[in-house]
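Counting in our numbering, the sequence shown runs from 1 upward without gaps. Beta carbons are placed, not taken as given, at the ideal position from N, Cα and C, and that holds for glycine.
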Amino acid sequence: MNFVKSFQKISKSFHKNPLFWILLISLITRIIYLLLNYNLWWDSHVYIGMGKYIFTQGKLGLWESFRPLTYPILLGTFWKLNLPVILTAKLVNLIFSLASITLIYHITKKLFNKTSAILSALLFSFTPVFFMFTGLVLSEPLAILFILLAIYFFISQTKKSALNLFLSGIFTSLAFLTKFPLGIILLSTYIILIFNNTKFLQKIKHLFILTMGFLIPTLPYLIFNYFTYPNPLEPFLSGNWIVSTATWLYGTGILFYLTNFFLKNPPYLVYFYGLYDFIKKRSWKNSSIFLIYLIPTLLILYFTFFVARKEIRYLVFAVPFLAIIVSPYIIQIYQKLKKSKKPFIKSTAFIFIVVILIIIGLPYLFNMEKNPDLNPQFVEYIQDHNIQGPILTTSPSLISYLDNSIIPLSGMDYALPIYQNKKSTAELIIINACELICHPQDQTCLDKKQQFLQLLKQENIIILKETLQERHHQQILECTYFILKPKS
Numbered sequence: 001m002n003f004v005k006s007f008q009k010i011s012k013s014f015h016k017n018p019l020f021w022i023l024l025i026s027l028i029t030r031i032i033y034l035l036l037n038y039n040l041w042w043d044s045h046v047y048i049g050m051g052k053y054i055f056t057q058g059k060l061g062l063w064e065s066f067r068p069l070t071y072p073i074l075l076g077t078f079w080k081l082n083l084p085v086i087l088t089a090k091l092v093n094l095i096f097s098l099a100s101i102t103l104i105y106h107i108t109k110k111l112f113n114k115t116s117a118i119l120s121a122l123l124f125s126f127t128p129v130f131f132m133f134t135g136l137v138l139s140e141p142l143a144i145l146f147i148l149l150a151i152y153f154f155i156s157q158t159k160k161s162a163l164n165l166f167l168s169g170i171f172t173s174l175a176f177l178t179k180f181p182l183g184i185i186l187l188s189t190y191i192i193l194i195f196n197n198t199k200f201l202q203k204i205k206h207l208f209i210l211t212m213g214f215l216i217p218t219l220p221y222l223i224f225n226y227f228t229y230p231n232p233l234e235p236f237l238s239g240n241w242i243v244s245t246a247t248w249l250y251g252t253g254i255l256f257y258l259t260n261f262f263l264k265n266p267p268y269l270v271y272f273y274g275l276y277d278f279i280k281k282r283s284w285k286n287s288s289i290f291l292i293y294l295i296p297t298l299l300i301l302y303f304t305f306f307v308a309r310k311e312i313r314y315l316v317f318a319v320p321f322l323a324i325i326v327s328p329y330i331i332q333i334y335q336k337l338k339k340s341k342k343p344f345i346k347s348t349a350f351i352f353i354v355v356i357l358i359i360i361g362l363p364y365l366f367n368m369e370k371n372p373d374l375n376p377q378f379v380e381y382i383q384d385h386n387i388q389g390p391i392l393t394t395s396p397s398l399i400s401y402l403d404n405s406i407i408p409l410s411g412m413d414y415a416l417p418i419y420q421n422k423k424s425t426a427e428l429i430i431i432n433a434c435e436l437i438c439h440p441q442d443q444t445c446l447d448k449k450q451q452f453l454q455l456l457k458q459e460n461i462i463i464l465k466e467t468l469q470e471r472h473h474q475q476i477l478e479c480t481y482f483i484l485k486p487k488s
C-alpha cells in the first residue's frame, strides 16, 4: 500500500511539474553515464589543443583551420582559469544538454500542447545519438543549445518584437560558429521570412534585423580569417574538403541515414508520415510549423547528398526538430486507441512499446568498449624527463594532459613532409601506427607508411615500443606505439 501511495504521489507530481521530473531523470542517467568515464574522441583533444593555442598565441596547443572557434575559446577559458578542463567541460556540456531539453519542452508546448511537450522532451533526451555526447567534450551540445535558442526567439516574435528576431540572428550565428553546417538554420529562417504572409517592406525589415543579428558575431570571425590565412572563407573551404577525405572509413549511400538512424530509432519514422501530412494540410502557412519541418529536412538532405562521409552523429542536429514533429502524432495515436472500443492494441501497451523504442539504444551506449585514448606511459615519460619542447605526434590526445606544443603529422599524405620540416625542432616523437591511415587496397600508401616508419627508426632512438589491440572504425586492429627521441 505504501508503494502504491508513493507511486500515486510521484505520478501526481509528474503531471504537475513534468519538466522537473524529465530533467531529474535526464540528469541522473547522464551522471551514471559520466561515471563510466568513457574516453574522449579525437576531436575532443583537438578542441582542447586549439583552446590552449588561442590563449597562448600559438606557443602551446595545436591548430586546425577548418574547425570553428566558439568551443575552443570556451575550453581555452577553462584552461586559462586553471580549472580542470576535461571535468569542467563535461559538467558544462551536461548543463547545455539539460538546457536544450528544457527548450524542446517549451518550444513544443508553444507550438502544440503540454502532452506533446512532455513526449518530445523525453524522446529527445534519451535518443542515443544525442545522449552519447554526454562526457565526450565535443561542441554538439553547445551547438544544439544555440540552435534551439535561435528557434525559440524566432517563433516567439510578434509584429512588434524586433528584439526577438535580432536575438534569433545572434544565436543562429553562434550555432554556425560552433558547427559550420548549421548555416542551414539561417537559410531556413530566410526562406520562412521570404515566403510568409507579410507585406514586402515588412519582409525586408525582418530580413534586415535577422541579418544584423547574424553578422554581429560572424563579421569579426571573417575579419580574423582575412588577417590569419588571408582568405576569410578558408575554414569553410578546408572544412568542406576534410569531410571528403578517407571516406572508406565511414558510411556511404543515400539510404545510410534511413537504415542507420530511422530504422534503429523507430519513433522517428513517424517523421515521414508527418512530412506527408504537413504537405497534405498545407501547414506551411504557419511559419513556425514550417520552420520546424524545414530545418531537419534540409539537414537530412545536406548530409545525405552533399557530405561524402556518412556518420550518425551528424544527424544529431536534426533530432530536436524530429522529436518535436513526431510527438503530436504519437499522442494522437494514443488518444485514438484510448477512445476506441476495440483497439488493435491497448493504449497502455502502446505507451509501453513507445518507451521501449525510445530507450532501446541506450544499453549499447552503457556497454561500449573502451579504447585507450592515451598510453599513460607516454605522459609518465614526458613528465619524468621534463620534456618541455614541441612533440611530433600522430594523435592530439597528449595536448589534453600536457602543456606542450603539439605538431600533428596529419595522416599519411602529409606525415613525411611535416616530419622533415619539423624534426629539427621536435624534442620527442610519439607514433601510433594505426593513425597513419591508408586504404586497405592502396598498396602505394601502405608502402609509403612502412618506409616512413623505417625512416623514423633510422633517424631516431626508440625509447618505448608497445603493441595494443584497439577498435578503429568498427575494426579490431593491432596498433603499435612508439616513443622516439631525435639523435643528438
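Closest Cα partner of residue i within the set the options
{"i": "Q335", "options": "L365, V326, S347", "result": "S347"}
{"i": "T297", "options": "P440, L258, P328", "result": "L258"}
{"i": "K109", "options": "Y53, P18, P217, F180", "result": "P18"}
{"i": "Y401", "options": "T467, T134, S244, I86", "result": "I86"}
{"i": "I360", "options": "K264, W41, I331", "result": "K264"}
{"i": "P220", "options": "F452, L69, N460", "result": "L69"}
{"i": "I324", "options": "L91, S97, L103", "result": "L103"}
{"i": "P128", "options": "P363, T252, K449", "result": "P363"}
{"i": "W41", "options": "I382, T134, L357, K203", "result": "T134"}
{"i": "L136", "options": "S161, S125, N93, L269", "result": "N93"}
{"i": "I118", "options": "S395, S13, S327", "result": "S327"}
{"i": "T88", "options": "I254, L34, L123", "result": "L34"}
{"i": "V270", "options": "Q441, Y47, Q202, L123", "result": "L123"}
{"i": "F171", "options": "S125, T218, G76, F350", "result": "T218"}
{"i": "N460", "options": "P440, T467, A426, D447", "result": "A426"}
Bridge partners - residue i, DSSP secondary structure assignment
{"i": "E478", "result": "Q469"}
{"i": "N460", "result": "P486"}
{"i": "L60", "result": "For L60, which the question treats as bridged, DSSP gives no partner whatsoever."}
{"i": "I387", "result": "In DSSP, I387 forms no bridge with anything."}
{"i": "I430", "result": "T393, I483"}
{"i": "F405", "result": "The question names Phe, yet the displayed sequence has Ser at residue 405. According to DSSP, S405 bridges with G61."}
{"i": "G251", "result": "K310"}
Inter-residue CB distance, residue i and residue j (contact presumed, cutoff 8 Å)
{"i": "N432", "j": "Y481", "result": "5 Å"}
{"i": "I151", "j": "I191", "result": "Between I191 and I151 the Cβ distance is about 14 Å, and since that is not below 8 Å, they are no contact."}
{"i": "L398", "j": "I418", "result": "16 Å between Cβ atoms; not a contact."}
{"i": "Y314", "j": "Y273", "result": "Y314 to Y273, Cβ: 23 Å. No contact."}
{"i": "S44", "j": "L138", "result": "6 Å"}
{"i": "A175", "j": "F146", "result": "4 Å"}
{"i": "P320", "j": "L148", "result": "6 Å"}
{"i": "P408", "j": "P396", "result": "6 Å"}
{"i": "I358", "j": "L428", "result": "With a Cβ gap of about 48 Å, I358 and L428 do not count as contacting."}
{"i": "G169", "j": "I223", "result": "18 Å between Cβ atoms; not a contact."}
{"i": "G76", "j": "I406", "result": "Actually they do not touch by this definition, with Cβ atoms about 15 Å apart."}
{"i": "T393", "j": "K310", "result": "In fact, because the Cβ distance is near 28 Å, the residues do not count as touching under 8 Å."}
Inter-residue spacing [alpha-carbon to alpha-carbon] between residue i and residue j
{"i": "Q454", "j": "S424", "result": "18 Å"}
{"i": "V354", "j": "E140", "result": "26 Å"}
{"i": "Y226", "j": "I144", "result": "28 Å"}
{"i": "F236", "j": "L186", "result": "16 Å"}
{"i": "I575", "j": "F305", "result": "In this structure the chain extends from 1 to 488, so residue 575 is not present and cannot be described."}
{"i": "I333", "j": "L111", "result": "19 Å"}
{"i": "N39", "j": "K285", "result": "47 Å"}
{"i": "N196", "j": "G58", "result": "47 Å"}
{"i": "S173", "j": "T211", "result": "9 Å"}
{"i": "I463", "j": "Q377", "result": "11 Å"}
{"i": "I216", "j": "I54", "result": "21 Å"}
{"i": "K114", "j": "I387", "result": "58 Å"}
{"i": "I28", "j": "K485", "result": "46 Å"}
{"i": "L294", "j": "S188", "result": "6 Å"}
{"i": "I442", "j": "T247", "result": "As written in the sequence, residue 442 is Asp, which differs from the Ile given in the question. If I take the Cα positions, the gap works out to 14 Å."}
{"i": "K281", "j": "F180", "result": "33 Å"}
{"i": "L24", "j": "V316", "result": "22 Å"}
{"i": "I437", "j": "K465", "result": "19 Å"}
Residue i classed as buried or exposed, judged by whether at least 16 other C-beta atoms fall within 10 angstroms
{"i": "W79", "result": "buried"}
{"i": "Q458", "result": "exposed"}
{"i": "F366", "result": "exposed"}
{"i": "R30", "result": "buried"}
{"i": "I101", "result": "buried"}
{"i": "F352", "result": "exposed"}
{"i": "S410", "result": "exposed"}
{"i": "Y414", "result": "exposed"}
{"i": "H15", "result": "exposed"}
{"i": "L233", "result": "exposed"}
{"i": "H206", "result": "buried"}
{"i": "Y71", "result": "buried"}
{"i": "E478", "result": "exposed"}
{"i": "Y47", "result": "buried"}
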